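**Student:** The letter at position 100 of the sequence shown is residue 153 when you use our numbering, and the numbering goes up by one with no holes.
Using N, Cα and C, we set each Cβ at its ideal position, and we do this for glycine too.
Just so it is clear, the structure is predicted and the values come from calculations on it, not from any experiment.
Just passing along the structure, written as structure tokens.
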Amino acid sequence: MSAVFITGTGTDVGKTFVAAGLIRYFRGLGQPVAALKPLASGFDPAAPSGSDPAALLNALGREVTPDEVQRISPWRFRAPFSPDMAAQAENRAIDLQAVVDFCRAAIAGNDGALLIEGIGGIMVPLDARHTVLDLMIALNQPLILVGGSYLGTLSHVLSAQDVILRHALDLRAIVVSETEGAKVPLDATLATLANFAKAPLLGLPRQVPARQNGADFQHLAELIV
């Protein structure tokens, strides 16, 4: 495989959970795997251990050091806002082409599985003219769409699916990552989405990241290799 882009219906729906689980699955098979989180907001450089880049580095078995974080996540912002707003808060701007070039270089130089985790949802702005969707279109890699199991996720998942398919992107799987404390049962959410999903649909129960069950990620891995 070349690369897979992991996108979501919004923030905190489980993109990093899915990426880390796939990393651990591939590593468990002894297969080479790499990961990127090009853009990250809400990143505190004084406490990086709780960040999404740190979660990916932990799954990869790499230390969470400033250099390692920079290697996989060059565009980091302190404010927990959308990327465009977080960049503005620091008087910075996101250069979409630079992000695209960074990802393409990683794709070209990687021999195994490469997981590229997006930021927020597919339509979150990167600047005044571009969204994550534009990044996905430019990279043109297979996609995993991740949603939660909270009330309201049905519309969010199906709306995101519609946008992806209208732009003729390669949607390999839809993953529903169980939302902690959700009142809607995961199985019920999956049953309803199955009536409308245009890609294989998987559900992932909430798990402690370090104890993720590799079997839960086997089917997903088979869909993207």
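Where DSSP assigns a beta bridge to F58, which residues make up the other side?
**Tutor:** Mapped onto the sequence shown, residue 58 falls at position 5. For F58, which the question treats as bridged, DSSP gives the partners I169, L196.
**Student:** Would you decide whether G103 is buried or exposed? Buried here means 16 or more other CB atoms lie within 10 Å of its CB.
**Tutor:** Stepping through the sequence shown from its first residue, residue 103 is reached at position 50. Label assigned to G103: exposed.
**Student:** I'd like to check one pair, I197 with I277: are the Cβ atoms closer than 8 Å?
**Tutor:** Here residue 277 refers to the residue found at position 224 when the sequence shown is read from its first residue. Here residue 197 refers to the residue found at position 144 when the sequence shown is read from its first residue. Taking 8 Å as the Cβ cut-off, I277 and I197 qualify as a contacting pair.
**Student:** How would you write the range of the beta strand (DSSP E) that S94 sits in, first residue to last?
**Tutor:** Within the sequence shown, numbered from 1, the residue matching residue 94 stands at position 41. Note, S94: premise wrong, no beta strand (DSSP E); not H, not E.
**Student:** Would you kindly report the start and end of the unbroken beta strand (DSSP E) that includes I227?
**Tutor:** For the purposes of this step, residue 227 is taken as the residue at position 174 of the sequence shown. Segment 224–230, the beta strand (DSSP E) holding I227.
**Student:** Under 8 Å, Cβ to Cβ, is there at least one residue of chain D near A226?
**Tutor:** Looking at the structure shown, chain D is missing, and only one protein chain is on hand.
**Student:** Taking the alpha carbon of F134 as the reference point, which residue from T62, L179, I125 has its own alpha carbon closest?
**Tutor:** On the sequence shown, position 81 is the one that residue 134 refers to. It is L179.
**Student:** Let me confirm a value: F130 is counted as buried when at least 16 other C-beta atoms fall within 10 Å, else exposed. Which label applies?
**Tutor:** Indexing the sequence shown from 1 puts residue 130 at position 77. Buried.
**Student:** Report, in whole angstroms, the separation of the C-beta atoms of T62 and A213, which I expect to be a contact under 8 Å.
**Tutor:** Counting from 1 along the sequence shown, the entry for residue 62 is found at position 9. Counting from 1 along the sequence shown, the entry for residue 213 is found at position 160. Their Cβ separation, rounded to whole angstroms, is 5 Å, which keeps T62 and A213 in contact under 8 Å.
**Student:** My output table needs one value for L255: the three-state DSSP class, helix, strand or coil.
**Tutor:** Walking along the sequence shown from the start, residue 255 turns up at place 202. The answer is strand: DSSP assigns L255 an E or B state.
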